[in-house]
Amino acid sequence: MPPRATTMAEDETDEQHTARVVDPALRLQNALDFAFRYLGPRARTEVELRRYLEGKRVEPETIEQALASLTEQGYLDDTRFAREFAEDKRLLDEWGADRIERRLLSLGVAPEIVAGAVGARGRDDERDAAAALLQRRFPQLDDDPREHRRAVGVLVRKGYDGELAWDVVRSHARGGALD
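Numbering of the sequence shown is given in numbering that gives the first Met the number 0, commencing with residue 0 and proceeding in unit increments.
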């Protein structure tokens, strides 16, 4: 089996390449270089970064060292990532708690961290956000049940709870006063 993470640079001599593969400090630096390039465009979760480094064929021991170093330096923090991700998706994409939770879990964030990030917003705030989205998408909502189902569908696809979506749609159809 060929050595891991052994891509030879064009300007690298055979001796330099062998030293980089054998020397643990150089292997760690190589892993950190990969990690910083991957973290450059946006923040990532620990699981995302681990998978990326595994894809680059970095040795498991070196991955652990790199992750520990990045966490210690503050470049890798799943709690901060989850909190910022949730807030961005709420404000910019108008996502509801359910959709945010599903996405964070799919990115490998621990369930207890996800619960903290999603739970930071109260039920009333969630209702207000759903009502604002509904007001923008359906300024006039008549008594047609098909329109009500369409409006609920919009809210549910954005990640709002089905019960909350129906409550907001009924309130909006009655004139917008939330109960």
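Beta carbons: idealized from backbone N, C-alpha and C, even for Gly.
Note that the structure is a prediction, hence the values are computed from the model and not measured.
Does the contact criterion of 3 or more C-beta pairs under 8 Å hold for the stretch 88-102 versus the stretch 55-72? no
Residue nearest to Arg98 in terms of C-alpha spacing, selected from Gly174, Gly161, Pro40, Leu75: If you number the sequence shown from 1, residue 98 lands on position 99. Taking only the C-alpha atoms, the option nearest Arg98 is Gly161.
Where Asn29 and Ala81 are concerned, what is the direct C-alpha to C-alpha distance, given to the nearest angstrom? The sequence position of residue 29 within the sequence shown is 30, counting from 1. The sequence position of residue 81 within the sequence shown is 82, counting from 1. If I take the Cα positions, the gap works out to 27 Å.
Measure the C-alpha to C-alpha separation of Asp178 and Val155 and round it to an integer number of angstroms. On the sequence shown, position 179 is the one that residue 178 refers to. On the sequence shown, position 156 is the one that residue 155 refers to. The predicted position of Asp178 is uncertain, since its pLDDT is 46 and thus under 50; no value can be drawn from it.
Tell me which residues share the same chain as Arg136 and place their Cβ nearer than 6 Å to its Cβ, disregarding the 5 neighbours each side in the sequence. Translated into the one-based positions of the sequence shown, residue 136 becomes position 137. Taken in chain order, the residues that qualify are Val153.
Nearest to Ala131 by CA position, among Lys157, Ala42, Glu83, is which residue? Taking the first residue of the sequence shown as 1, we reach residue 131 at position 132. Answer by Cα proximity: Lys157.
Quick check: Glu125 and Tyr159, are their CB atoms within less than 9 Å of each other? On the sequence shown, position 126 is the one that residue 125 refers to. On the sequence shown, position 160 is the one that residue 159 refers to. It is a contact, given that the beta carbons lie within the stated cut-off.
Checking 9 Å against the spacing of the C-beta atoms, do Leu104 and Ala85 come in under that value? Locating residue 104 in the sequence shown gives position 105, counting from the first residue. Locating residue 85 in the sequence shown gives position 86, counting from the first residue. No. Outside cutoff.
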